[in-house]
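In case it helps, our numbering puts the sequence shown at residues 53 to 464.
Just so it is clear, CB atoms sit at the ideal spot from N, CA and C, and this is done for glycine as well.
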Amino acid sequence: MSFFNHLKNKAEEFLPFGQNRGQQGSGSSPHQNYPGQSYQHPPPGQWQQPPPGQWQQPPPGQWYQPPPGQWYQPPPGQWHPPPQGQWQQPPPGQWQQPPPEQWQQTPPPPPPPPYGSRPNDAPPPVPTGSRPDETPPAAQGPGVYWRPNFSAGIPVGQEFEQKQGHGDPWGWGNSELQNYTAEPSNSFYTPDGKLVLRAVARPAHPDPEARWTSARLVSRRTLARPDGCLTAWLTLPCAEGIWPAFWMLPREPFVWPHEGEVDIAETWNADCQNHSCLHWGFYTPEDAPKHFVRQTHVPDMASRPVRFDFAWRCGGTGIREEDGKSAGGGRLMWYVDGRPVMRNIMPPGTRPIEDWCILLNVAMGGNVCQGKEPREGAYDLLVHGLQLAEAPEGGWGRFENDWHHCADGAVM
53 MSFFNHLKNK
63 AEEFLPFGQN
73 RGQQGSGSSP
83 HQNYPGQSYQ
93 HPPPGQWQQP
103 PPGQWQQPPP
113 GQWYQPPPGQ
123 WYQPPPGQWH
133 PPPQGQWQQP
143 PPGQWQQPPP
153 EQWQQTPPPP
163 PPPPYGSRPN
173 DAPPPVPTGS
183 RPDETPPAAQ
193 GPGVYWRPNF
203 SAGIPVGQEF
213 EQKQGHGDPW
223 GWGNSELQNY
233 TAEPSNSFYT
243 PDGKLVLRAV
253 ARPAHPDPEA
263 RWTSARLVSR
273 RTLARPDGCL
283 TAWLTLPCAE
293 GIWPAFWMLP
303 REPFVWPHEG
313 EVDIAETWNA
323 DCQNHSCLHW
333 GFYTPEDAPK
343 HFVRQTHVPD
353 MASRPVRFDF
363 AWRCGGTGIR
373 EEDGKSAGGG
383 RLMWYVDGRP
393 VMRNIMPPGT
403 RPIEDWCILL
413 NVAMGGNVCQ
423 GKEPREGAYD
433 LLVHGLQLAE
443 APEGGWGRFE
453 NDWHHCADGA
463 VM
């Protein structure tokens, strides 16, 4: 065999370089691709069409547009949103909300101004970080049927019940720190017609009741309509140990959680993630399917008014004769800055939507904040506007269109 190998080697010397030779030793030789092996990116500026069945994300700034009729669809169940600014149409049935252009990453808001620990300290002014330049436009059209009066000359208690206390023995159900008060240092109207809910952290205060104070407001009126839309423009405090919320519960007395809870705006621990939620069960394994949520990242929620809408269409769905509860089937949709972010069906056995109230509060510490305590300071939930209308902006035609393009709530 050595004789034939000798002849073979001599013949290869007369062949062009690279033919019938191994791939070793040549840095410019093409890379061998095997089935199942990931495709390698070419050098920068030399992006090429990969072999069929081996689609890969091109390098940043070199996005590849496939030829007509060869649009790539990812395998079922593997859809992921593209990088920010590269929105694509997802596969049917896997609709994703495109990121709003204005939701760009901004520097975190500055810490709240210090607030002394002496009992006679005056309340601080509204922090500049919670006083955006722009003011949301007033509601248009005759469909608005309730807008609370935010005039500085009237007490907050005229429009809202001001809850008080620690929510003992369980810290409002979540081991929260705050003592809710009706004091004007914790909830008040500004001269320019805004509502402020102020959480004040003074951990060194000699009076334990004054160390963590805040406000929890419940509207004195209900939604009162089987169809409608609730809208608020809010600037939310984002800080460790702080948990602001804009949400709804059935009118008291009610049975929690079976009669339902809707969370429209809430965030905690400075993550600037809004949580749109629907709950009607306990936090147990068997009740897991009774909790739905969608998260929306709004990085500048602490520095501008963010618009939140909750639209409901429950007319004609019926009331159960045996207990007066909802028969279910109504449609609910959550919006952030005018974009639909979550939809769900009203569960049977909850309180009819007409009998629900609106809540605003700022909680401190507790289980949701993972036991973290806020730094000493004042933290403001700023309400620029609040209203109830007979239909969402754009009417029920827009609602129907949004319904078909909105994501269902995800089980928590």
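- Classified as exposed, Gly-376 has fewer than 16 neighbouring CB atoms from the shown chains inside 10 Å of its CB.
- The DSSP assignment places 429 to 441 as complete runs of the beta strand (DSSP E) inside the stretch 416 to 458, in order along the chain (cut-off: 3 residues).
- For Met-385, the enclosing beta strand (DSSP E) begins and ends at 383 to 388.
- The Cβ-Cβ distance between Leu-282 and Thr-319 does not fall below 8 Å.
- By the neighbour-count criterion, in which 16 or more other beta carbons inside 10 Å mark a residue as buried, Ser-239 falls on the buried side.
- Using a Cβ distance threshold of 8 Å, His-257 and Arg-263 count as a contacting pair.
- Between Glu-313 and the set Pro-351, His-327 and Asn-321, the nearest pair of CA atoms involves His-327.
- With the rule of 3 Cβ pairs closer than 8 Å, the stretch 430 to 445 does not count as touching the stretch 328 to 335.
- Of all C-beta pairs linking the stretch 367 to 385 to the stretch 284 to 299, fewer than three are shorter than 8 Å, placing the two stretches out of contact.
- According to DSSP, residue pairing for Ser-237 in a beta bridge does not occur.
- Asp-339 has no beta-bridge partner at all, per DSSP.
- Inter-residue distance for Gln-216 and Ala-415 is about 12 Å (C-alpha atoms, whole angstroms).
- In this chain, the beta strand (DSSP E) harbouring Leu-249 covers 247 to 253.
- Comparing C-alpha distances from Lys-424 to each of Pro-207, Glu-228 and Asn-201 shows the shortest one belongs to Glu-228.
- Contact holds between the stretch 298 to 309 and the stretch 402 to 411, because three or more Cβ pairs, one in each stretch, are under 8 Å apart.
- Rounded to whole angstroms, Tyr-241 and Ser-203 show a C-alpha spacing of 6 Å.
- If you look at Asn-326, you'll find it in the beta strand (DSSP E) that goes 325 to 331.
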